[in-house]
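Taken in order, the sequence shown gives residues 617 to 1149; the numbers are from my numbering.
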Amino acid sequence: MPTDCIAFRDTNYFSDFICDYLDQKPELKALYNRYPTIEDFKAQIEEKLKSGQLERSRKVLFDVLSNQYKDLQNSNVTQVNIESLKDSRTFTITTGHQLNLFTGPLYFLYKIISTINLTKQLKEAYPEYNFVPIYWMASEDHDFEEINYFNFKGKKMRWNSNQTGAVGRFETQGLDEVFNVVAGEFGLSINAEQLKAWFKKAYLDHNNLADATRYLANALFGEYGLVIIDADDSDLKRQFIPNLKQELLQQTSFKEVSKTNEILQDLELKVQVNPREINLFYIDGNIRERIVFEDAVFKVNNTDISWDEKEILQHLEEHPERFSPNVIMRPLYQEVILPNLCYIGGGGEMIYWLQLKSSFEAQNVTFPMLLLRNSVLVTSEKQSRKLQNLDISLEDLFLNRNTFINKRVRKISNIDIDFSTQIQHLESQFKGLYDLADKTDKSFLGAVMAQEVKQIKGLQHLEKRLLKAQKKKLADQIQRSTELQEQLFPNQSLQERNRNFSELYLEYGSQLIPTLLESLDPLSGQFTILKLE
């Protein structure tokens, strides 16, 4: 498929922090272990092997995954990948995502495709090792409002439920009503029938949201060897007990991440997350509440549950599944239980991972390489043709609406409405007046400045009036341009953050995912524009 690229910084949709990381600015080097290049993965493998933590957890990981997959029809490739996790030469590449209804935003696909493609590239570079793509389900999250819908052609398909607690444990009751709505929206084509079958099988034939999401992700990516893990599991958390104890008793994460945040503030970089004294939740039944330490007692916020130190440590040994890491601790949990080399995520995720390196070091856990996922703008053949006919460049597409319109007016107008040359000429003339006033009577400098400001403002006002008049005159052409930009950037945001994969699947069907897999390079370091035919 025809592809084009644009630098992440030039899109204006990514923070300076992330763009500086992609540019490998020296001042950020202390925040990460190694930058993700094929060559540097060798050193990451060697460090992970030396850490000594892998052999303790491989068998547990295999057993847990085997149990989670026992009722799922998985591919031979996935089964081989699960089996290979027992081998000391096997490593994982991991991405994570919330349990959004019907996968949520389109970038869910790009995260997983980046992960699968990177494992392929690593296998080619290091054939003596095995590399397994992992999708980590955020089953312990409790922010249901973030995940209970997906967008379809400008409409929100929403699941209403009063359940509380960890969302992976939510029962799928009420999703039959959502299915009836989406079935009507999808239509009657062959591709629509496949979408309906996936939705029905996932959400109506499974009892909880974690199982439903596992089924759907496996249906989409199982043939490519994706392994899906639900870490809300007592056996997995038992591997994490030493780190949980350290968090409860020493507050290591709070101390270390706070130090890093001070460094970020000195660099005038955005802090994505702020640590708490204890970065753990307590989950049981329908509750997921913070654990706090007050008056020498450990308490579960908004409940009557409390323990002294001895009691909570005993409870941790007996029920590790009830201790749930928050956004600060979850990455550490992941790296303790997986033989992982690299985490792939979005811009926001990358920033909070970059806050965590010192916390990992304090707990003697190898910090993974961090890779920004592929970002993609998909254009249809018809849309690509319109862009060409209207002479709209890729760079212009990413402009905000007002800037885009003003630039279009100037471009297609038969008169020059850019007064920057005249303003520069005026400033040059006033420079001479400043020199004259300075040599004769300096008290006139203020008057000269006032006159300069007045005349420049007059030119700027005239330019705006002419632009407004031209916009009205060229309204039809401008409307066609803005309608096209709105199609590609719904709600003036990135397509991948708004649209659901179902819209593309309706048009491109079973070729959608293979085409994306073929077209995207996870190590390209650029934003991809992909024309689907």
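All C-beta atoms, glycine included, are put in the ideal place defined by N, C-alpha and C.
Buried or exposed by the 16-neighbour rule on C-beta atoms within 10 Å, applied to residue 803: exposed
Unbroken alpha helix (DSSP H) run spanning residue 798, endpoints: 791–802
Simplified DSSP assignment, three categories, for residue 1041: helix
Can you have a look at residue 1037 and say buried or exposed, based on whether 16 or more other CB atoms are within 10 angstroms of its CB? That one is exposed.
What are the partner residues of residue 958, as DSSP defines its beta bridges? Per DSSP, 709, 985.
Can you tell me which of 937, 709, 782 puts its alpha carbon nearest to the alpha carbon of residue 747? If we check each option's Cα against that of residue 747, 709 comes out closest.
Using only the alpha-carbon positions, how far apart do residue 963 and residue 818 sit? 29 Å
With distances taken from CA atoms, which of 758, 1005, 837 is nearest residue 943? 758
Please report the straight-line C-alpha distance between residue 750 and residue 814, rounded to a whole angstrom. 21 Å
If you measure between the beta carbons of residue 1020 and residue 622, is that distance less than 8 Å? no
Can you list, in chain order, the residues of its chain whose CB lies under 7 Å from that of residue 1103, leaving out five sequence neighbours each side? 999
Is the Cβ-Cβ distance between residue 881 and residue 873 less than 8 Å? no
Kindly list the residues whose CB is nearer than 8 Å to the CB of residue 855, restricted to its own chain and excluding five residues on each side of it in sequence; keep chain order. Excluding positions up to five away in sequence, the list reads 672, 673, 676, 952, 953.
Chain-order list of residues whose beta-carbon lies under 7 Å from that of residue 831 (same chain, five-residue window excluded): Cβ neighbours of residue 831 beyond the five flanking positions: 688, 817, 818, 822.
Classify residue 923 as helix, strand or coil using the three-state DSSP reduction. Strand, per DSSP.
Helix, strand or coil, according to DSSP, for residue 904 in the structure here? strand
Please state whether the Cβ-Cβ distance between residue 996 and residue 885 is less than 8 Å. no
Give a yes or no on whether the C-beta atoms belonging to residue 875 and residue 991 are separated by under 8 Å. No, the Cβ-Cβ distance between residue 875 and residue 991 is not below 8 Å.
Boundaries (first-last residue) of the alpha helix (DSSP H) holding residue 1142: No alpha helix (DSSP H) holds residue 1142; the beta strand (DSSP E) holding it covers 1142–1148.
Whole-Å CB distance - residue 913 paired with residue 924, under 8 Å assumed: 6 Å
Decide if residue 827 is buried, meaning its Cβ has at least 16 other Cβ atoms within 10 Å, or exposed. buried
Between residue 911 and the ligand ZN, is the CB less than 7 Å from at least one heavy atom? This structure does not include the ligand ZN; it has no bound ligands of any sort.
Using 8 Å for Cβ pairs, my map puts residue 851 next to residue 680. What's the rounded Cβ distance? 5 Å
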